[in-house]
Amino acid sequence: MSNKDDFKSYRVQSPVKASLRIASIYLICGAAWILFSDRALNTLISDKELFAFFSMIKGWFYMVMTALMLFYLIYRTTFRMRVTERKLHNHYTEMLNNREELRQAAFRDQLTGLPNRLALFENLTILKDASLFYIDLDDFKYVNDTHGHVFGDLLIKEISTRLLKELKPSEQLYRLGGDEWVLVTRQPKDRLQERVEMLLSIFEKPFVVGEHRKHMTGCVGISHFPSHGRTLEQLLKNADIALYHIKSHAKNSFAIYDVSLSIPLQHRSDMERLLRHALDNGEFELHYQPQIHLESSRVQGFEALLRWNSPELGRIPPDQFIPIAEETQLIVPIGEWVLRTACEFIRTIHQDGDDQTIVSVNVSVVQLIEHRFVERVLDILQETGLDPRYLELEVTESMLIESLDLIADKLSRLKDHGITIALDDFGRGFSSLNHLMKLPIKTLKIDKSFIDQIPDHLENQPLTGLVIGMAKGLGMKVVAEGVETYIQLEYLKRYDCDCIQGYLFSKPLPAIIAKEWIKTAG
Ligand code: C2E
Ligand code: MG
Ligand code: MG
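Take the sequence shown: its position 322, counted from the start at 1, is 324 in my numbering, and no numbers get skipped.
In structure tokens form, the structure reads like this:
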């Protein structure tokens, strides 16, 4: 029966109508009885005594019948009332159950079954001595971009399960959405570090998703009641600030909130706002740093390095604004502008007579995983009329490790079109020869941190030399970055390094000066 029908059957008659009905039945029956029974007695019995006796019987009979009828009517009414009452009760319980189910759904995260953000605000009424761990995965966006959302979802579930296992009985875990969780703990303040380190240990082993084993790391921002806030909103905001701070400095690490952390965040949001219009306002400029070929002492190419001259904020170094441009995807149009401007620049160098000079352009992983990246590069080469062999694209090690398969294919296609691929900042992160062998890398750029390790006495520590030897053994060209001293230069010469890029020869130069520079250097 539908709910509508249910309600129809609950509809109770008006009390006046029901009473009038019973009274009229009683009246009609009574009147009929008096009328017809007396008449029947008169015709059937003539004896007076017998008549009196039957009149009495008739009276009793009338009373019994009336009692029976009353019994029946009252019984029927109360029975109906009981049925209606039971139906109403059932309906009410059903409504309560539905409401609880709705409540459960609203407060649970669909994917993991964990309580969600609403539940956090609903449950966490007592903040006293609570600390919030704001957990966020490192580089999760690359997982979704490269392995797909289904894989990403399964990974989130696996991580949630592992976090749950790590929970103490007094702690609660909430999923805020995406790759973010909040853990509420009541550990004493002086034991928070110990607690968060234990929590981060869940990332030591890889996560198994289907046939894949995926290594993930995460960062945690921590806020504590009452020193970092007295309301849940404040605690969450400050844990988020701590998280943001640690994410921009390290991976698989944590930070406890401190007031000083809020200041750079304001600067960051200003940067993000202004960056959105920087390209249209023509605030970007490319500087070019020469790369000197050691054997011939000639300029063999330039690395294009982006500069942002913001009228409001002044000159911002690329290390600061490029991560923001990557997060906001602005790096895609900015990167295209860089590529086009660099190609045009090197064309003018060729037209001036140095027609073998190459240009190296840094490419972000966000650009690389773009659907039409390869086509966009080829379009720009065609538009600017630059032969692909004079373009080198620099990619960094960390981005290759994030999304190896997807990127390997794109890099191979670019290589097939004659473009050179350089591995930038080699030695800064975790280097895997295995990865290098899978990729069409022609140039290895040794990071400044490696060059800085070159000892004052050339005989000591041939580590940098070994790296050069290895890269050359694999058939690569080696460029040393950040060369500042003659001792470093001598060392690199001795180990047969191909090219040098560093302040020893030149800082990155504006286009006009770079053009002059090549003339004097050549
Ligand atoms: P990178 O690609 O490794 O560039 C080399 C950086 O080292 C440049 O810093 C350069 O100025 C600096 N450098 C070169 N020689 C020396 C030296 O002898 N001593 C010292 N102390 N530094 C030296 P810059 O221009 O600040 O760029 C920093 C990073 O920003 C670049 O590192 C690159 O990763 C990124 N970047 C720059 N332009 C772009 C761009 O157009 N697109 C992308 N995606 N990233 C860019
Ligand atoms: Mg570079
Ligand atoms: Mg570099």
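Think of the CB as a built atom: it goes at the ideal place given N, C-alpha and C, for glycine as much as any other residue.
If I measure Cβ to Cβ from residue 482 and keep anything under 6 Å in the same chain, skipping five residues before and after, which residues do I get? Setting aside the 5 residues that flank it on each side, residue 482 is surrounded in the same chain by 448, 453, 494, 499, 502, each with a C-beta closer than 6 Å to its C-beta; the list follows chain order.
Quick check on this structure: which residue in 209, 134, 303 has the alpha carbon closest to the alpha carbon of residue 290? 303
With DSSP collapsed to three states, give me the class of residue 153. helix
Less than 8 Å between the beta carbons of residue 231 and residue 137, yes or no? No, they are not a contact pair.
Sheet register partners of residue 290 (DSSP bridge): 306, 511
Run through the stretch 466 to 512 for me and flag every whole beta strand (DSSP E) of 3 or more residues, listed as ranges in chain order. 479 to 483, 501 to 503
By DSSP, does residue 7 sit in helix, in strand, or in coil? Unreliable placement is indicated for residue 7, whose pLDDT of 49 sits below 50; no coordinate value is reported for it.
So, helix, strand or coil for residue 33, using DSSP? Note: residue 33 maps to helix in three-state DSSP.
Residue 4, buried or exposed, once every other Cβ within 10 Å from all chains shown has been counted against 16: With a pLDDT of only 45 at residue 4, under 50, the local geometry of the prediction cannot be trusted, and the value read off the model is given with reservation. Flag for residue 4 reads exposed.
4-residue-minimum alpha helix (DSSP H) runs that sit fully inside the stretch 35 to 114, ordered along the chain: If you keep only unbroken alpha helix (DSSP H) runs of at least 4 residues inside the stretch 35 to 114, you get 50 to 109.
Just to confirm before moving on: does the CB-CB distance between residue 116 and residue 175 stay below 8 Å? Yes; because the gap between Cβ atoms is below 8 Å, this pair is in contact.
Residues near residue 186 in its chain [Cβ-Cβ closer than 7 Å; skip 5 each side]: 126, 132, 134, 173, 174
Start and end residues, beta strand (DSSP E) containing residue 192: Here residue 192 belongs to no beta strand (DSSP E), and DSSP marks it neither H nor E.
If you check the beta carbons only, do residue 330 and residue 285 fall under 8 Å apart? no
Bounding residues of the beta strand (DSSP E) (the contiguous stretch that carries residue 362): Note, residue 362: beta strand (DSSP E), 360 to 364.
What span of residues does the alpha helix (DSSP H) with residue 369 cover, start to end? 367 to 370
Chain-order list of residues whose beta-carbon lies under 7 Å from that of residue 451 (same chain, five-residue window excluded): 429, 430
With a threshold of 7 Å, establish whether the CB of residue 447 neighbours any heavy atom of ligand 3. At a cut-off of 7 Å, the beta-carbon of residue 447 counts as near ligand 3: some heavy atom of the ligand is closer than that.
Is DSSP giving residue 174 helix, strand or coil here? Strand, per DSSP.
Less than 8 Å between the C-beta atoms of residue 348 and residue 388, yes or no? yes
Nearest candidate by alpha-carbon position, reference residue 325, set 226, 277, 472: 277
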